[in-house]
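Heads up: the structure comes next, in structure tokens.
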């Protein structure tokens, strides 16, 4: 893989995935890692990592700032050049407080949907020409391999089948919706060699997951990256956990 | 059933369901049918039906006007009084043009989500005390019967399993999200006797469905109403077609 783009790269799973990617065998480490975050100036850990790894390129992106996506895409294009983009990880997202039906708020529903669903869909739309370029460059990839990949970081909370605890309307709706979009991406991109999947990263000790989460960031991200690297056409359009196990919608 | 509320009541499935409800055996026809629509002054067919059926009460509601929901709920409460509300049908919704990923628009994603997902969730939240009143009044209903019901009109396009055609991001996301919300409603309302289901009404010859749709409005609404009337605790939290057949998420 020559190039990848990940959003929400300054902390939590985004930062953890970059570290896990850098820790892979050298031949698997992308030559270009575009790391997008809301406030690069305040992303101290990411800046320090980029100072040590010249393949990391930091760009500014606020998911809600949908008008900036075309200009952002131009910046990514200027970095990856003719090679295009092999992997897009739509990781940026917001959580929401646990509310039962009596406390649900419309502003929170719309904001969470905008960041967690509209963001990944619109970034995918904008970045698509770069993914197509990479897929064409990778035309001779082994049979069944994904020639370029879209990974939407979703959540088991977006699964209807697994919803035994209720509440969480904002987050659940946004993740069920991004799962629905992932299946449409699979169908829409048929024949391009670009695969789209949604992945539940597990409940991880991030700012969103909180200290009670059972999974450590570094260990979870290692498993997550291992799964992402192995995505092939057989996974296309599916919903998986961090180890690649298929999840029910 | 003493009382019901249906949104989007002036045309299409909403109007059709009211007519089908009126055509039931007399003992099954609600004493109060609150029919909400965006522009009562322009709802000529509904006004004519209300002139002939004194149980129909027309109220104004625009789904996107979320700030009006509390005042609207007060108007419903003033009509149904102590009996509460036995049935809420969240029927109002908007369609969206078919777009593949390259043509998807963020404004359309957010507007469709607001009407088709946020609307039903926020109306349910507001109306909930009236549903609880009715459920308490119906405490002696037969074992397993729903004591009050929330019906979210969804769509097979919100099913990930059934998505073989792709595209349609705005509509699919909004309907997958309202399905997710329905399951949370089921869990959140455990023990109240209120059941929540989502129903795919079929592809019907309405303004949204278009003239190529295989189902006639009146026939589809008869089947739909028949299914709604039979909702019991065993259906709670599920996704069904117009004949009550369970659908995959």
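Residue numbers (UniProt numbering), protein chains in the order written: chain P, 1 to 249; chain F, 1 to 249. All C-beta atoms, glycine included, are put in the ideal place defined by N, C-alpha and C.
Query: Residue 98(F) to residue 210(F) span [Cα, whole Å]; Result: 13 Å
Query: Minimum length 3: unbroken beta strand (DSSP E) runs contained in the stretch 160 to 247 of chain F; Result: 194 to 200 and 239 to 241
Query: Helix, strand or coil at residue 149(P) according to DSSP, with G and I counted as helix; Result: strand
Query: Beta-carbon spacing of residue 166(F), residue 188(P) below 7 Å; Result: yes
Query: Residues in the stretch 101 to 112 of chain P having any Cβ partner in chain F nearer than 7 Å; Result: 101, 102, 104, 106, 109 and 110
Query: Nearest neighbour of residue 164(P), chosen from 192(P), 100(P), 114(P) and 212(P) [CA to CA]; Result: 100(P)
Query: Straight-line gap, residue 44(F) to residue 60(F) (C-alpha atoms, nearest Å); Result: 14 Å
Query: Collapsed DSSP secondary structure at residue 91(F) in the structure displayed; Result: coil
Query: Sufficient close CB pairs (3 or more, under 8 Å) joining the stretch 111 to 122 of chain P to the stretch 221 to 228 of chain P; Result: no
Query: N-terminal and C-terminal residue of the beta strand (DSSP E) that residue 133(P) is part of; Result: Looking at the DSSP string, residue 133(P) is not in any beta strand (DSSP E); the run it does join, the alpha helix (DSSP H), is 119 to 137.
Query: Residue 9(P) - DSSP class collapsed to helix/strand/coil; Result: coil
Query: Per DSSP, cross-strand counterpart(s) of residue 76(P); Result: For residue 76(P), which the question treats as bridged, DSSP gives no partner whatsoever.
Query: Candidates 11(P), 106(P) and 162(P), of which the one nearest residue 36(P) by Cα; Result: 11(P)
Query: For residue 248(F) and residue 159(F), believed in contact at Cβ under 8 Å, the rounded distance; Result: 6 Å
Query: Selection of the stretch 157 to 172 of chain F by Cβ proximity to chain P, strictly under 9 Å; Result: 157, 158, 159, 160, 161, 163, 164, 165, 166, 167, 168, 169 and 172
Query: Nearest neighbour of residue 208(P), chosen from 30(P), 85(P), 93(P) and 25(P) [CA to CA]; Result: 93(P)
Query: 7 Å Cβ cutoff, residue 76(P) in contact with chain F; Result: no
Query: Straight-line Cα distance separating residue 121(F) from residue 181(F); Result: 7 Å
Query: Neighbour flag for residue 179(P) against chain F, beta carbons, 7 Å; Result: yes
Query: Span separating the alpha-carbon of residue 138(P) from that of residue 244(P); Result: 23 Å
Query: Cα-Cα separation, residue 143(P) to residue 73(F); Result: 59 Å
Query: CA nearest to the CA of residue 186(F), picked from 195(F), 31(F) and 179(F); Result: 195(F)
Query: Whole-angstrom distance between residue 151(F) and residue 30(F), CA atom to CA atom; Result: 16 Å
Query: Residue 188(P): contacting residues in chain F (beta-carbon distance under 7 Å); Result: 100, 101, 166 and 167
Query: Contacts that residue 128(F) makes with chain P (C-beta to C-beta distance below 7 Å); Result: 101 and 102
Query: Closer than 8 Å at the beta carbon, the chain F residues around residue 89(P); Result: Ordered by position in chain F, no residue passes the 8 Å Cβ test against residue 89(P), which lies about 17 Å from the chain.
Query: Test: residue 203(P) CB closer than 7 Å to a CB of chain F; Result: no
Query: Interface residues of chain P facing residue 229(F) [CB-CB closer than 8 Å]; Result: The contacting residues do not exist; residue 229(F) stays about 24 Å from chain P at best.
Query: Start and end residues, beta strand (DSSP E) containing residue 58(F); Result: 56 to 60
Query: For residue 53(F) and residue 62(P), the rounded distance between their alpha carbons; Result: 54 Å
Query: Test: residue 176(F) CB closer than 7 Å to a CB of chain P; Result: yes
Query: Beta carbon proximity, residue 184(F) to chain P, threshold 7 Å; Result: yes
Query: Residue 168(P) to residue 49(F) span [Cα, whole Å]; Result: 40 Å
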